[in-house]
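Residue numbers (the working numbering): 2 to 267.
Okay, here's the thing in C-alpha coordinates:
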(Lines of atoms letter the chains of each structure in order from A; the text may use other names.)
(Lines give C-alpha, C1' and ligand atoms only; values in the text may rest on other atoms or scores of the structure.)
Protein backbone atom coordinates (compact mmCIF):
# COMPACT_ATOMS: atom_id res chain seq x y z
CA UNK A 2 0.00 0.00 0.00
CA UNK A 3 1.49 3.33 -1.09
CA UNK A 4 0.81 6.80 0.27
CA UNK A 5 -0.11 9.45 -2.24
CA UNK A 6 2.56 12.02 -1.28
CA UNK A 7 6.01 12.23 0.36
CA UNK A 8 6.31 12.18 4.17
CA UNK A 9 9.37 14.32 4.98
CA UNK A 10 8.66 14.99 8.68
CA UNK A 11 9.27 12.36 11.37
CA UNK A 12 8.29 11.95 14.99
CA UNK A 13 10.42 9.36 16.80
CA UNK A 14 10.01 7.92 20.27
CA UNK A 15 11.54 5.00 22.15
CA UNK A 16 10.31 3.41 25.39
CA UNK A 17 11.07 0.28 27.39
CA UNK A 18 8.11 -1.91 28.30
CA UNK A 19 8.42 -4.46 31.11
CA UNK A 20 7.17 -7.37 29.03
CA UNK A 21 8.56 -9.79 26.46
CA UNK A 22 8.36 -8.80 22.76
CA UNK A 23 5.86 -11.59 22.11
CA UNK A 24 3.55 -10.17 24.78
CA UNK A 25 3.98 -6.58 23.63
CA UNK A 26 3.26 -7.60 20.04
CA UNK A 27 -0.11 -9.00 21.08
CA UNK A 28 -1.15 -5.50 22.16
CA UNK A 29 -0.44 -4.37 18.60
CA UNK A 30 -2.30 -7.13 16.79
CA UNK A 31 -5.23 -8.34 18.94
CA UNK A 32 -8.26 -6.08 19.04
CA UNK A 33 -9.14 -6.67 22.71
CA UNK A 34 -5.60 -5.73 23.79
CA UNK A 35 -5.37 -2.93 21.20
CA UNK A 36 -8.46 -1.37 22.80
CA UNK A 37 -6.88 -1.52 26.26
CA UNK A 38 -4.33 1.14 25.36
CA UNK A 39 -6.31 3.09 22.75
CA UNK A 40 -9.85 3.02 24.11
CA UNK A 41 -13.00 0.93 24.13
CA UNK A 42 -14.27 0.24 20.62
CA UNK A 43 -10.82 0.42 18.99
CA UNK A 44 -9.99 -2.51 16.70
CA UNK A 45 -7.26 -3.75 14.39
CA UNK A 46 -7.16 -6.39 11.67
CA UNK A 47 -3.45 -7.20 11.81
CA UNK A 48 -3.02 -8.40 8.25
CA UNK A 49 -1.74 -6.45 5.22
CA UNK A 50 -4.52 -4.12 4.13
CA UNK A 51 -6.47 -4.75 7.36
CA UNK A 52 -8.49 -1.95 8.93
CA UNK A 53 -7.10 0.04 11.85
CA UNK A 54 -9.73 1.81 13.94
CA UNK A 55 -9.02 3.97 17.00
CA UNK A 56 -11.67 5.53 19.18
CA UNK A 57 -10.13 8.28 21.30
CA UNK A 58 -11.70 9.72 24.47
CA UNK A 59 -14.47 12.14 23.60
CA UNK A 60 -15.54 10.16 20.54
CA UNK A 61 -12.79 11.34 18.17
CA UNK A 62 -11.95 8.57 15.71
CA UNK A 63 -8.82 7.72 13.71
CA UNK A 64 -8.48 5.13 11.00
CA UNK A 65 -5.93 3.59 8.69
CA UNK A 66 -4.77 0.34 7.13
CA UNK A 67 -2.04 -2.14 7.99
CA UNK A 68 0.95 -1.85 5.65
CA UNK A 69 3.27 -4.44 7.19
CA UNK A 70 3.13 -6.97 10.00
CA UNK A 71 6.15 -9.08 11.01
CA UNK A 72 5.60 -11.03 14.27
CA UNK A 73 6.81 -10.31 16.87
CA UNK A 74 8.99 -7.42 15.73
CA UNK A 75 7.27 -4.91 13.46
CA UNK A 76 3.93 -3.31 12.60
CA UNK A 77 3.32 -0.45 10.16
CA UNK A 78 0.00 1.21 9.38
CA UNK A 79 -1.36 4.38 7.85
CA UNK A 80 -3.03 6.84 10.19
CA UNK A 81 -5.37 9.81 10.05
CA UNK A 82 -8.63 11.17 11.42
CA UNK A 83 -12.09 10.23 10.19
CA UNK A 84 -13.04 13.93 10.31
CA UNK A 85 -10.02 14.84 8.19
CA UNK A 86 -8.60 17.17 10.85
CA UNK A 87 -5.85 17.71 11.80
CA UNK A 88 -4.78 15.09 9.27
CA UNK A 89 -6.87 13.09 6.76
CA UNK A 90 -7.21 9.33 7.02
CA UNK A 91 -4.38 7.46 5.35
CA UNK A 92 -2.07 10.48 5.06
CA UNK A 93 0.61 9.53 7.61
CA UNK A 94 2.54 6.35 8.39
CA UNK A 95 3.23 4.78 11.80
CA UNK A 96 5.96 2.15 12.14
CA UNK A 97 6.52 0.32 15.43
CA UNK A 98 9.44 -2.05 15.98
CA UNK A 99 10.15 -4.25 18.99
CA UNK A 100 13.43 -5.63 20.31
CA UNK A 101 14.22 -7.64 23.44
CA UNK A 102 16.27 -5.67 25.97
CA UNK A 103 17.93 -8.68 27.65
CA UNK A 104 18.61 -12.35 27.04
CA UNK A 105 15.77 -13.36 29.35
CA UNK A 106 13.33 -11.34 27.21
CA UNK A 107 11.73 -9.76 30.27
CA UNK A 108 11.62 -6.27 28.73
CA UNK A 109 11.15 -4.80 25.26
CA UNK A 110 12.49 -1.69 23.57
CA UNK A 111 9.64 -0.22 21.51
CA UNK A 112 10.64 2.25 18.80
CA UNK A 113 8.01 4.34 17.09
CA UNK A 114 8.41 6.40 13.92
CA UNK A 115 5.45 8.47 12.74
CA UNK A 116 5.95 10.14 9.35
CA UNK A 117 3.93 13.20 8.31
CA UNK A 118 3.60 15.45 5.27
CA UNK A 119 3.72 18.61 7.42
CA UNK A 120 5.86 19.67 10.39
CA UNK A 121 3.00 21.40 12.19
CA UNK A 122 0.86 18.27 12.25
CA UNK A 123 3.83 16.25 13.47
CA UNK A 124 4.32 18.65 16.38
CA UNK A 125 0.66 18.28 17.39
CA UNK A 126 1.24 14.54 17.90
CA UNK A 127 4.34 14.70 20.13
CA UNK A 128 2.52 14.79 23.46
CA UNK A 129 -0.15 12.42 22.20
CA UNK A 130 2.38 9.68 21.50
CA UNK A 131 4.21 10.40 24.77
CA UNK A 132 0.95 9.76 26.61
CA UNK A 133 -0.28 6.86 24.46
CA UNK A 134 2.92 4.84 24.74
CA UNK A 135 2.90 5.39 28.50
CA UNK A 136 -0.58 3.87 28.62
CA UNK A 137 0.69 1.03 26.40
CA UNK A 138 3.61 0.32 28.75
CA UNK A 139 1.31 0.17 31.74
CA UNK A 140 -1.41 -2.09 30.32
CA UNK A 141 1.18 -4.56 29.00
CA UNK A 142 3.03 -4.65 32.33
CA UNK A 143 -0.25 -4.99 34.24
CA UNK A 144 -1.04 -8.15 32.28
CA UNK A 145 2.43 -9.60 32.81
CA UNK A 146 2.28 -8.91 36.54
CA UNK A 147 -1.32 -9.91 37.13
CA UNK A 148 -0.02 -12.40 39.73
CA UNK A 149 1.89 -9.78 41.74
CA UNK A 150 -0.35 -10.00 44.81
CA UNK A 151 0.15 -13.76 45.15
CA UNK A 152 3.92 -13.40 44.78
CA UNK A 153 4.07 -10.67 47.42
CA UNK A 154 1.95 -12.77 49.78
CA UNK A 155 4.29 -15.72 49.22
CA UNK A 156 7.23 -13.49 50.18
CA UNK A 157 5.61 -12.55 53.47
CA UNK A 158 4.57 -16.16 54.04
CA UNK A 159 8.24 -17.17 53.73
CA UNK A 160 9.12 -14.75 56.53
CA UNK A 161 6.37 -16.25 58.67
CA UNK A 162 7.17 -19.92 57.96
CA UNK A 163 8.90 -21.64 60.94
CA UNK A 164 9.77 -24.83 59.06
CA UNK A 165 13.09 -24.41 57.25
CA UNK A 166 12.30 -26.76 54.37
CA UNK A 167 8.92 -25.15 53.67
CA UNK A 168 10.44 -21.69 54.04
CA UNK A 169 13.23 -22.42 51.56
CA UNK A 170 10.68 -23.76 49.10
CA UNK A 171 8.61 -20.58 49.35
CA UNK A 172 11.65 -18.36 48.87
CA UNK A 173 12.83 -20.39 45.89
CA UNK A 174 9.43 -20.07 44.27
CA UNK A 175 9.42 -16.28 44.10
CA UNK A 176 12.97 -14.89 44.47
CA UNK A 177 15.53 -14.59 41.69
CA UNK A 178 18.88 -16.27 42.44
CA UNK A 179 20.71 -12.94 42.53
CA UNK A 180 17.99 -11.02 44.34
CA UNK A 181 18.82 -8.30 46.86
CA UNK A 182 17.03 -7.25 50.03
CA UNK A 183 17.67 -4.06 51.97
CA UNK A 184 15.99 -2.46 54.94
CA UNK A 185 17.11 -0.85 58.21
CA UNK A 186 18.35 -4.24 59.46
CA UNK A 187 19.35 -6.07 56.27
CA UNK A 188 21.82 -5.80 53.39
CA UNK A 189 21.32 -9.14 51.66
CA UNK A 190 22.86 -10.28 48.37
CA UNK A 191 21.59 -13.49 46.77
CA UNK A 192 19.00 -16.10 47.61
CA UNK A 193 21.38 -18.28 49.66
CA UNK A 194 22.19 -15.42 52.04
CA UNK A 195 18.50 -14.58 52.25
CA UNK A 196 17.72 -18.12 53.39
CA UNK A 197 20.36 -17.84 56.12
CA UNK A 198 18.98 -14.46 57.14
CA UNK A 199 15.45 -15.83 57.49
CA UNK A 200 16.72 -18.77 59.50
CA UNK A 201 18.44 -16.37 61.92
CA UNK A 202 15.27 -14.27 62.15
CA UNK A 203 13.28 -17.30 63.32
CA UNK A 204 16.03 -18.23 65.76
CA UNK A 205 16.13 -14.85 67.47
CA UNK A 206 12.47 -13.87 67.01
CA UNK A 207 10.54 -17.16 67.13
CA UNK A 208 6.91 -16.91 66.12
CA UNK A 209 7.33 -13.66 64.18
CA UNK A 210 4.73 -13.22 61.46
CA UNK A 211 4.61 -10.74 58.58
CA UNK A 212 1.45 -9.99 56.65
CA UNK A 213 0.48 -7.74 53.78
CA UNK A 214 -1.65 -4.83 54.97
CA UNK A 215 -3.99 -3.57 52.24
CA UNK A 216 -3.84 -3.89 48.47
CA UNK A 217 -0.61 -3.94 46.48
CA UNK A 218 0.11 -1.08 44.06
CA UNK A 219 1.79 -2.00 40.79
CA UNK A 220 3.41 0.14 38.10
CA UNK A 221 5.50 -1.34 35.27
CA UNK A 222 7.15 -4.15 37.21
CA UNK A 223 7.49 -2.30 40.54
CA UNK A 224 5.13 -3.10 43.43
CA UNK A 225 4.48 -1.29 46.69
CA UNK A 226 3.08 -3.39 49.53
CA UNK A 227 2.39 -2.26 53.09
CA UNK A 228 3.03 -4.79 55.82
CA UNK A 229 2.63 -5.42 59.52
CA UNK A 230 4.88 -7.62 61.72
CA UNK A 231 3.43 -9.39 64.76
CA UNK A 232 4.78 -11.61 67.50
CA UNK A 233 3.43 -15.11 68.15
CA UNK A 234 0.90 -13.73 70.65
CA UNK A 235 -0.40 -11.20 68.10
CA UNK A 236 1.32 -8.08 69.38
CA UNK A 237 2.34 -5.64 66.69
CA UNK A 238 6.10 -5.18 66.36
CA UNK A 239 6.20 -2.79 63.43
CA UNK A 240 4.73 -1.55 60.16
CA UNK A 241 6.19 -0.41 56.92
CA UNK A 242 6.24 -0.61 53.14
CA UNK A 243 8.25 -2.80 50.78
CA UNK A 244 9.23 -1.81 47.26
CA UNK A 245 9.45 -4.93 45.06
CA UNK A 246 11.18 -4.84 41.67
CA UNK A 247 10.34 -7.83 39.49
CA UNK A 248 12.46 -9.67 36.93
CA UNK A 249 9.99 -11.18 34.54
CA UNK A 250 6.45 -12.11 35.58
CA UNK A 251 7.13 -14.24 38.65
CA UNK A 252 10.55 -13.46 40.13
CA UNK A 253 11.49 -10.80 42.64
CA UNK A 254 14.77 -9.13 41.68
CA UNK A 255 15.07 -6.71 44.58
CA UNK A 256 13.24 -5.50 47.66
CA UNK A 257 13.76 -2.31 49.61
CA UNK A 258 11.94 -2.21 52.94
CA UNK A 259 10.89 0.92 54.80
CA UNK A 260 9.84 0.87 58.45
CA UNK A 261 7.26 3.37 59.62
CA UNK A 262 8.54 5.66 62.39
CA UNK A 263 7.24 4.77 65.85
CA UNK A 264 4.25 6.73 67.14
CA UNK A 265 5.14 10.03 68.76
CA UNK A 266 5.13 10.07 72.54
CA UNK A 267 1.99 11.66 74.05
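Virtual Cβ for every residue (Gly too), placed ideally from N, Cα, C.
Length of the line joining the Cα atoms of residue i and residue j
{"i": "residue 78", "j": "residue 146", "result": "29 Å"}
{"i": "residue 196", "j": "residue 230", "result": "19 Å"}
{"i": "residue 108", "j": "residue 17", "result": "7 Å"}
{"i": "residue 2", "j": "residue 68", "result": "Low per-residue confidence applies at residue 2: pLDDT is 49, beneath 50, and the placement is therefore not dependable, though the value from the model is reported in the following sentence. If you take the alpha carbons of residue 2 and residue 68, they lie about 6 Å apart."}
{"i": "residue 61", "j": "residue 232", "result": "57 Å"}
{"i": "residue 92", "j": "residue 138", "result": "26 Å"}
{"i": "residue 46", "j": "residue 30", "result": "7 Å"}
{"i": "residue 144", "j": "residue 74", "result": "19 Å"}
Sequence-distant residues of its chain with Cβ nearer than 6 Å to residue i (five each side left out)
{"i": "residue 112", "result": "15, 98"}
{"i": "residue 259", "result": "241, 242"}
{"i": "residue 10", "result": "117, 120, 123"}
{"i": "residue 218", "result": "225"}
Of the residues the options, the one placed nearest residue i, counting alpha carbons only
{"i": "residue 101", "options": "228, 241, 20", "result": "20"}
{"i": "residue 235", "options": "211, 255, 245", "result": "211"}
{"i": "residue 41", "options": "248, 26, 59, 166", "result": "59"}
{"i": "residue 86", "options": "76, 94, 74, 125", "result": "125"}
{"i": "residue 66", "options": "73, 48, 228", "result": "48"}
{"i": "residue 190", "options": "128, 256, 207, 142", "result": "256"}
{"i": "residue 185", "options": "261, 249, 206", "result": "261"}
{"i": "residue 52", "options": "26, 72, 90", "result": "90"}
{"i": "residue 222", "options": "181, 253, 228", "result": "253"}
{"i": "residue 25", "options": "156, 72, 7, 154", "result": "72"}
Run of the beta strand (DSSP E) containing residue i, from where it starts to where it stops
{"i": "residue 219", "result": "218 to 220"}
{"i": "residue 90", "result": "Careful: residue 90 lies outside any beta strand (DSSP E) and carries neither H nor E."}
{"i": "residue 12", "result": "10 to 18"}
{"i": "residue 241", "result": "237 to 247"}
{"i": "residue 210", "result": "210 to 213"}
{"i": "residue 190", "result": "187 to 190"}
Beta-carbon contacts of residue i that lie in its chain and below 8 Å, excluding the five residues immediately before and after
{"i": "residue 251", "result": "148, 152, 175"}
{"i": "residue 37", "result": "28, 140"}
{"i": "residue 158", "result": "171"}
{"i": "residue 43", "result": "32, 35, 36, 54, 55, 56"}
{"i": "residue 134", "result": "14, 16, 111, 113"}
Cβ-based neighbour list, residue i, same chain, cut-off 7 Å, excluding 5 preceding and 5 following
{"i": "residue 168", "result": "159, 162, 199"}
{"i": "residue 181", "result": "189, 190, 255"}
Where the alpha helix (DSSP H) through residue i begins and ends
{"i": "residue 259", "result": "Counting along the chain, residue 259 falls outside any alpha helix (DSSP H), though it belongs to the beta strand (DSSP E) covering 253 to 260."}
{"i": "residue 225", "result": "Taken as a continuous stretch (DSSP letters only), residue 225 belongs to no alpha helix (DSSP H), being part of the beta strand (DSSP E) at 223 to 231."}
Check your understanding: Which residue spans inside the segment 145 to 184 form an unbroken beta strand (DSSP E) run of at least 3?
Key -> 176 to 184
Point to revise | Any beta strand (DSSP E) of 3 or more consecutive residues that is wholly inside the segment 29 to 112 | key: 52 to 56, 62 to 71, 75 to 82, 93 to 101
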